[in-house]
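J.: Encoded as structure tokens, here's the structure I'll be asking about.
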Amino acid sequence: MNKPVFRFAPSSNGALHLGHAYSALLNYMLARESGGRFLVRIEDIDTTRCTPELEAGILRDLKWLGLAWEEPVRRQSDHFDDYREALESLIEAGLVYPSFMTRGEVRAHIAEAEAGGEPWLRDPDGVPLFPPVDRERPEAERRRRMEDGEPFAWRLDMEAALRHIGETLHWEEEGEGPAGETGTVTANPRAWGDVVIARKEIPASYHLSVVVDDALQGITHVVRGRDLFYATAVHRVLQELLKLPVPQYHHHRLVLDENGRKLSKSANDTSLASLRQARASPRDIARMIGFEALAFLPDG
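Just so you know, the UniProt record's numbering puts the end of the sequence shown at 300, numbered straight through with nothing missing.
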């Protein structure tokens, strides 16, 4: 019987904070309790913001917490060919299209539509759904604009994707969603509209890279923050389109600041490096985020 495989996958565009510590420790604890494997993955497809120095800081913080993981660490920037292959299969199937609208054009289009009195639909994160303008462009115009070198992104044609799949999607939730969802959860990918799958200069978005990585690494249990709960619907669509295995999901609570807001990398007062410099120990960190007794943690 294969062992369960868990992963902690931070982006190397900033320092780890208490929220990251909670997710990393929970993944590590669940892997230990199940006799499973624990992997670390560096999500650095954004090569303009992610740096080797920040990656080194992340790995240093995780080692200080007392975590150990299998080597080598998978870095997304080393595996762009994997994402290109997945993207090409979606292009060949006619399930993605190039979108040329700038942010300003999108805002203007939505403002004009809302001036008529109807609010524009928004995704679960509160972002307006992408207008259908690019999806409806003639193929000849698309080719011409691409050949002229115009910037564009590849977007998933969500309606075409759902017709291709032809079934209702679910996932098994071992944690709990924002509204208490657990057990067998019905996915609602239409709520996200035509999401970005890749950009001209980067062959993957978060959505595409995460499902490809999880499949290639044999991840059986995805344990991550509740803020990504609804995005799982997009991941289920891509898993079906690309014929990838479906892991178990566990969305955990978020660590919030004193104002009830989700922690961010810009809040340096919650970074593990700053807390370590203030002489906090790994056990102190665990207590701050609600873990009282983790025997594997070092004292200092």
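Beta carbons: idealized from backbone N, C-alpha and C, even for Gly. Computed from a predicted model, the values in this text were never measured in an experiment.
What span of residues does the alpha helix (DSSP H) with Glu-201 cover, start to end?
T.: Looking at the DSSP string, Glu-201 is not in any alpha helix (DSSP H), and its letter there is neither H nor E.
J.: Would a C-beta distance cut-off of 8 Å place Thr-182 and Gly-193 closer than the cut-off?
T.: Taking 8 Å as the Cβ cut-off, Thr-182 and Gly-193 do not qualify as a contacting pair.
J.: Is the region 18-37 touching the region 231-240, taking contact as three or more C-beta pairs under 8 Å?
T.: Counting Cβ pairs under 8 Å, fewer than three are found: no touch.
J.: Rounded to whole angstroms, what's the CA-CA distance from Arg-107 to Val-223? Just pull it up for me.
T.: Each residue's alpha carbon lies about 35 Å from the other.
J.: Measure the alpha-carbon distance for Met-158 versus Arg-190 and round it to whole angstroms.
T.: Cα-Cα distance, rounded: 7 Å.
J.: I'd like to check one pair, Ser-12 with residue 318: are the Cβ atoms closer than 8 Å?
T.: Lying outside 1 to 300, the shown extent of the chain, residue 318 is not represented and no answer is given.
J.: Contact check, Lys-3 vs Arg-37 under 8 Å by CB: the rounded distance?
T.: Indeed they touch by this definition, with Cβ atoms about 6 Å apart.
J.: So is Pro-203 buried or exposed if we call it buried at 16+ other beta carbons inside 10 Å?
T.: When all chains shown are included, Pro-203 counts as buried.
J.: Figure out for me which residue from Arg-32, Arg-143, Arg-7, Ala-280 has the closest Cα to the Cα of Leu-294.
T.: Minimum Cα distance to Leu-294 is reached at Arg-32.
J.: Let me confirm a value: Gly-94 is counted as buried when at least 16 other C-beta atoms fall within 10 Å, else exposed. Which label applies?
T.: So Gly-94 ends up on the exposed side.
J.: Would the beta-carbon of Gly-14 fall within 8 Å of that of Lys-265?
T.: A contact, by the Cβ cut-off of 8 Å.
J.: Within 10 angstroms of its Cβ, does Asn-259 collect 16 or more other Cβ (buried), or is it exposed?
T.: Exposed: under 16 other Cβ atoms inside 10 Å.
J.: Determine the burial state of Glu-43: buried for a count of at least 16 other Cβ atoms within 10 Å of its Cβ, exposed for fewer.
T.: Buried.
J.: Are Phe-296 and Gly-66 close, meaning C-beta to C-beta below 8 Å?
T.: A contact, by the Cβ cut-off of 8 Å.
J.: Tell me whether the region 111-119 and the region 132-149 touch, counting them as touching only if at least three CB pairs, one residue from each stretch, are closer than 8 Å.
T.: Segments in contact, no.
J.: Out of Arg-75, Pro-247, Gly-177, which one is the CA nearest neighbour of Gly-221?
T.: The displayed chain sequence assigns His, not Gly, to residue 221. The candidate whose alpha carbon is nearest that of His-221 is Pro-247.
J.: Please report the distance separating the alpha-carbon of Thr-102 from that of Asp-134.
T.: The alpha-carbon atoms of Thr-102 and Asp-134 are separated by roughly 11 Å.
J.: Where Glu-118 and Glu-88 are concerned, what is the direct C-alpha to C-alpha distance, given to the nearest angstrom?
T.: Rounded to whole angstroms, Glu-118 to Glu-88 spans 37 Å at the Cα level.
J.: Report the start-end ranges of each alpha helix (DSSP H) in the region 119-184 that is 4 residues or longer and not cut off at the edges.
T.: Complete alpha helix (DSSP H) runs here, min 4: 139-147, 158-165.
J.: Quick one: what's got a C-beta closer than 6 Å to Gly-180's C-beta in the same chain, skipping five residues either side?
T.: Within the same chain, Gly-180 has no close Cβ partners at all.
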